[in-house]
Amino acid sequence: MATALVAGVAAAPGQAASSYTVPIPLHPVAADLHLVGASEAGVAVQQADPTGQPLGQNRPVFTGALGGELEHRPQVGPSTSNSAAPTLLAVSGTQLAWYENLQRAGSQPKVPHRLNILTGQDVVEAGQITRPDAFNGEGWFSDLPGSYANVPSQWRYPLVRHRAGTDTGQGMQADVLMPHVPGVLGGYGLAADRTSVLRTTLDNRVQPATHVLDLVVLKTGAVTRIAESPDEVLGLGLSEGWIVWATKAAGGSYEIHQKPRAGGAVTHYAELDPNADVAHLAVGAAGVGYLINHPDDPARPRATSTTLAIVNGPAAKYKALPYDASGLAAVGNHFLTASSGTLGPDPRASVDAGVYRVTADEFTRVATVPQADLPPAQLSLSAGQVRYVERSSLASRPVYQRRVSSDRRATFSAETSIAQTSGAIAFSGARGVVGVPGHNGRWQLIDRGKETGDAEAFGQPNQSGAYTLIGGKAFRPDGKHMYTQPVPSTADDLFGPNVVYVETKADGSSTVWLDDAEKKTHKEVAKVAAGCDGGTPLVTVWGELGAWSSSCGDQIHWKNLNTGQVRQVPTQARELARLSLSEGTLTWSDSYTGFIGTRVMDLTTGNNAPVVLDGRSALLSIDDHQIARLAERPPSWSVMPRAELSPLPFQPKYRPRLISTVTPLGFSPNDNGDGDAWRPQFDISKPMRSVTLKIQDQAGKKTVAQLEGTAPDGSVRDLWWSGLSSKGAQLPEGYYRWTLSGRSADGDGTLVAGDGSSIVEGVIELIHR
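When you read off a place in the sequence shown, starting at 1, and then add 228, the result is the number in the numbering used here.
This is the structure in structure tokens:
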């Protein structure tokens, strides 16, 4: 057959921004919280990634006043592609001081921000500065060299204040509070309040090197030497009445030093617990506080494995806290900390997450934090049902299922657990394939949650109607291995029994093949030229359409397998990561950029302008009019990925399509208990109002029986025929024609065959023996 080529127009993509997007209900999970800072005005906390990703990934920030639920602040995050995860510095008054970490050769400049913890308004300071180590509401303080490319002998360590809110045209106004002194190194610690800044330096001009503590009065610039010690200074603190520092003695113990700002003797407290976090001191009217985080110990309850030490002069009191208490601030006559509220290992969820007020006698929640949802590791949307598997380190994980309404703003049914899996899943209508926990390469085939067979193969699973494709092998519902791709392939796909795959030759050129696993046919779809340093095409198939990419991924072609007509569209992608066909829709993703751009295109029109989905689609499943995906939107550092469902940005009517039929060639109603009735199974692309199965004589002129069935999940399982006519008479043996018809539950139209033809039909043999 001659192939007609219709060139696609390189139209500009549109942008999808659906107001009908809804979150997919998942399981809340207890995520660790860390108190960044606090003041009389309010607090700032950081929530850990519940999936266990490393620090700096998906760690949202919440701020607000005490007494209610804190608000998520997605503004706190990187603003450019060369900006790493930000650093949260301090809370002063109503301001959260934080900065972006830019990645540049030879230096690590910072972009400072001030976020109003009550309103969420974020202000970017003018210019870039060296890493600040303290903030007092009016200025940023740093005593580190600005460049790391020079040799250490050229580094300079002046104490510099950058005045917040100023702009000289080249950055904030800067004041040198203490000049660089050769041999004296900075970067050992700063603490600041409205009147003063406390600084630790290391004086290498004397031996042994000495740690020096200086207090700078901001109004006058006067510098007062507070202490000198050969012991390492680990932590600093300032309050209205006290100057505090912590040192580590040669023997490994810690000492907390407290000096009245009004003058007087220094008092000392020896902390003997090596787990004490004296690097982070909180100083206020209640005394000097720090946390002691004990490692897990089976001999002691985890609920008391974290302790708050409250030091006043030479004595201290200790308060047991939940094991996950993290971060500490002194406000008034009490302390604040944050906790997920959990009291045991690996909790499912907690209703007590938030900020807590702590004294020697009190532990009271004073602000709440929204719980995190555990995002899915697997996500599948098919025939009005969404299935998902949570991210977890467990070897066996539940597969959850919810029914989804066909409304523009979808609603969800109650959740059910239908199977256990090692992780990977694939579904089509009621049928699915899940990895068998503890058995790599073994798969369980299921239908409406019940096992129908098992299979052995290695690779990612794909399910289409009654057929399962794994690693180039196709299986029937009972697990029977029925087909293997003739050659190893880098890409394949499945629609019913039709397998499309790529054969790549030594010269880099490729051939796209289409095999019917049932009829054992082998058909060439297209030839693809070599290109792009060994790149190979992606392929996909749905109904009468097959699609493939160029080796470079810059073009996509799709072909009507009935007529041979080919269309093409430029992908505008640098690195194609995903290509799929669904009813009336072509989808592809570009993974070259930091956020994978996903494009969807309506194939029911001649318009080749794709619509770009906002954000990154880490997981994606398209079914009929709906898109289920795990969406990541910038700034990814501060916004957890969200499992969500939205309608396609275009809404043509999609007729239901038959994907597969499971039926014997014949049956014999002889009451021997084996094949006494014909029980065909049909898998359809979408839920149906009802279906009708007409059985006619071989000529197709007379209807001898008519059966009614249901397909609420696109799967027909309740039809059976015993060989009797509609009047109850036994029919003679022979071949009978059947036709299946029905209308979709959403009213989009009547059933069509897998290849798009309007009649769904077949033949069954009735045998009397």
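By construction, the Cβ of each residue, glycine as well, lies at the ideal position given by its N, Cα and C atoms.
| query | result |
| --- | --- |
| Per-residue burial, His390 [other beta carbons within 10 Å of its own, 16 or more giving buried] | buried |
| Residues that Gly975 bridges to, as DSSP identifies them | The partner list for Gly975 (beta bridge, DSSP) is empty, contrary to what the question assumes. |
| Residue of Met400, Glu731, Ser267, Glu872 minimising C-alpha distance to Arg844 | Glu872 |
| Span separating the alpha-carbon of Tyr518 from that of Gln783 | 60 Å |
| Rounded separation between Leu952 and Leu935 - CA only | 11 Å |
| Beta bridge counterpart(s) of Arg857 as assigned by DSSP | Leu848, Glu872 |
| Nonlocal neighbours in the same chain, by C-beta distance under 8 Å from Ser810, ignoring five residues either side | Trp770, Ile850, Asp851, Asp852 |
| Close Cβ partners of Gln924 (< 8 Å) along its chain, the five nearest in sequence each way excluded | Lys930, Thr931, Val932, Tyr964, Arg965, Trp966, Thr967 |
| Contact check, Glu298 vs Val257, beta carbons under 8 Å | The displayed chain sequence assigns Leu, not Glu, to residue 298. In this structure, Val257 does not lie closer than 8 Å to Leu298 by Cβ. |
| Contact set for Lys881: own chain, Cβ-Cβ below 7 Å, skip 5 residues either direction | Asp976, Gly977 |
| Residue interval of the beta strand (DSSP E) (run including Arg997) | Element bounds for Arg997: n/a, residue is neither H nor E. |
| Other residues of its chain near Thr680: CB distance less than 7 Å, five sequence neighbours each side excluded | Leu673, Ile674, Pro705, Asp706 |
| Contacts around Ile855, its chain only, beta-carbon distance under 8 Å, and the 5 residues preceding and following it disregarded | Leu609, Val828, Leu841, Leu848, Ser849, Leu873, Ser874, Pro875, Leu876 |
| Contact under 8 Å by Cβ, Leu387 with Met406 | yes |
| Residue closest to Ile357, alpha-carbon to alpha-carbon, out of Asp911, Pro340, Gly365 | Pro340 |
| Length of the line joining the Cα atoms of Tyr695 and Ala927 | 31 Å |
| Rounded separation between Gly367 and Ala392 - CA only | 5 Å |
| Cutoff 8 Å; reference Asn790; Cβ partners in own chain excluding five residues on either side | Glu772, Asp983, Gly984 |
| Gln783 in three-state terms, based on DSSP | strand |
| Cβ contact check for the stretch 254-269 and the stretch 593-609: 3 or more pairs under 8 Å | yes |
| Touching by the beta-carbon criterion (3+ pairs, under 8 Å), the stretch 732-750 and the stretch 889-901 | no |
| N- and C-terminal bounds of the beta strand (DSSP E) containing Glu499 | 495-499 |
| Nearest residue (CA-CA) to Gly463, options Leu446, Gly480, Thr428 | Thr428 |
| Leu343 and Arg301 closer than 8 Å at C-beta | yes |
| Beta-carbon proximity of Trp1019 to Arg489, cut-off 8 Å | The shown model of the chain, from 229 to 997, leaves out residue 1019, and the question about it has no answer. |
| Nearest-angstrom Cβ-Cβ length linking Gly774 and Val756, presumed shorter than 8 Å | Going by Cβ atoms, the distance from Gly774 to Val756 rounds to 12 Å, so no, they are not a contact pair. |
| Simplified DSSP assignment, three categories, for Asp574 | Its pLDDT being 40, under 50, Asp574 is placed unreliably by the model, and the measurement read from it follows with that caveat. In this structure, Asp574 counts as coil in the three-state DSSP scheme. |
| Rounded separation between Leu443 and Ala477 - CA only | 22 Å |
| CA nearest to the CA of Ala513, picked from Ser777, Ile520, Leu564, His439 | Leu564 |
| Buried/exposed call for Asp589, threshold 16 Cβ in 10 Å | exposed |
| Cβ pair Pro725, Ser888 closer than 8 Å | yes |
| Nearest to Leu607 (by Cα), restricted to the options Gly321, Ile653, Thr639, Gly541 | Ile653 |
| C-alpha gap between Gly903 and Trp948, whole angstroms | 11 Å |
| Uninterrupted beta strand (DSSP E) stretches inside the stretch 725-751 (no shorter than 3 residues) | 726-732, 738-744 |
| Under the three-state DSSP convention, the category Gln486 falls into | strand |
| Glu456 beta carbon less than 8 Å from that of Thr475 | no |
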